[in-house]
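The numbering of the sequence shown is this note's numbering, which starts it at 345 and goes up by one.
All C-beta atoms, glycine included, are put in the ideal place defined by N, C-alpha and C.
What you are looking at is a predicted structure, and each value in this text was computed from that prediction instead of being measured.
Here is the structure we will look at.
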Amino acid sequence: MSTREAIVCVDDEEAVLEVLHRQLVSHFGQACRVLAARSAQEATDCFDVLDAEGVTVAVVITDQNMPGVSGTELLEIVDGRYPHATKVLLTGRAGLDDAIRGINRAHLDYYMTKPWQEPALVLVVESLLRQVHLAEENRALVTALSKRNRTLLDLNRELEAKIQERTHELAEANTRLSLLAVTDGLTGLFNHRHFHERLALEIARAQRSGRPVSLLMIDVDHFKAFNDAHGHPAGDEVLRRLAHVFSADRRANDVVSRYGGEEFTVILVDSGKPAAVMIADKLRRAVLEIEPVAPPLPGMPRLSISVGVATYPDDAADGDPLVRAADAALYAAKRAGRNRVEVAPSHAER
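Below, the structure is given as structure tokens:
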């Protein structure tokens, strides 16, 4: 096993640390040393050991809320000790205050909320390691360039071209990392946070233009029963196939997101309720054509979805009320027997 670089994970909760350490070892243990620490002091001890062994600290992942030294404070120590290490903050809260403090005080590279998804964690760490490697190559190339005689014009040009190439790759890696912050790790769709940001943006645009915006709230029928019968890997595959169906024929400005669990949303820009209902029913019928993930069991219904439709400004005057209206319509579809589309009543009908 290579000892060239290390990943250090820190969390005062034993069970959380064990899961985090196991996932990191499973995916990166062949290429990196992966060390676990239950406090900032233990992390510092790990750093001392790694320094003595000549191992580079590449990634530090720490929980924010720990007794004594907080995650942000620990990352400040890391930033001073290892300027080129990448830093990830874990937080159990959805607020951005900790992340902002980490960015300002410790040059935080990424933050994740608990509980995280393993695929998302892997993608983040892969991108950070690639960022470390590219930055290291850049520094090596710049050092080599500075040592060459400036009269060796051809060599300089070659090295400068390589630096430009590495800089471009580094920019692409940073772009991919930014995309991960708004992407659901399992399905590749936008995540819950980005959905709310885009919904607020589209409502603001609609308020200026006077054009409608519709929202589809989608739930997979009998998904818990399917998971119990076939297992979570099969359930994950169902979610990935649904994500493909929902994204396949979307218009350029529409926004498809995984809202959470087995719920999805579709923001339909410049679409009134009649058009939104037609699109919702088209998606419902498309789901019925999905090839089964697992052999059907006696009494198990076929894969289907229920959809609630709400439209701005007919059903709500802002984003959050629009979500509630679509959610109420969704539950009406559930109560009416599932595998159907229901619309929210307009203001005039309430």
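Query: Please work out which residues of its chain come closer than 6 Å, Cβ to Cβ, to SER591, disregarding the five sequence neighbours upstream and downstream, and give them in chain order.; Result: VAL600
Query: Taking the alpha-carbon of THR487 as reference, which of HIS540, ASP662 and GLU504 has the nearest alpha-carbon?; Result: GLU504
Query: Can you tell me whether ALA380 is helix, strand or coil according to DSSP?; Result: strand
Query: Between ASP407 and GLU686, what straight-line distance do the alpha-carbon atoms span, to the nearest angstrom?; Result: 43 Å
Query: Which one of ASP625, ASP598 and LEU368 has the shortest CA to CA distance from SER558?; Result: ASP598
Query: Quick one: using the 10 Å Cβ neighbour count with 16 as the cut-off for buried, is GLU349 buried or exposed?; Result: buried
Query: Using the three-state DSSP reduction, which class does GLU357 fall into: helix, strand or coil?; Result: coil
Query: Could you compute how far the alpha carbon of ASP563 sits from the alpha carbon of PRO459?; Result: 22 Å
Query: Buried or exposed for LEU452, going by 16 or more other Cβ atoms inside 10 Å?; Result: buried
Query: At which residues does the beta strand (DSSP E) containing ASP563 begin and terminate?; Result: 557-564
Query: I think CYS390 touches ILE351, with their Cβ atoms under 8 Å apart; what is that distance to the nearest whole Å?; Result: So it is not a contact: roughly 10 Å between Cβ atoms.
Query: In whole angstroms, give me the CA-to-CA distance for LEU361 and VAL653.; Result: 42 Å
Query: Can you grab the Cα-Cα spacing for the pair ARG682 / ALA630, in whole Å?; Result: 15 Å
Query: So, for HIS365: in the same chain, excluding its five sequence neighbours on each side, which residues have a beta-carbon less than 7 Å away from its beta-carbon?; Result: CYS353, VAL378 and ALA380
Query: Taking DSSP's pairing of strands, which residues face TYR455 in a bridge?; Result: LEU433
Query: If you run the structure through DSSP and keep just helix, strand and coil, what is LEU485?; Result: helix
Query: Quick one: grab the DSSP three-state call for ALA578.; Result: helix
Query: Note the first and the last residue of the continuous alpha helix (DSSP H) segment covering LEU530.; Result: Looking at the DSSP string, LEU530 is not in any alpha helix (DSSP H), and its letter there is neither H nor E.
Query: Check this for me: beta carbons of PRO639 and ARG646, under 9 Å apart or not?; Result: no
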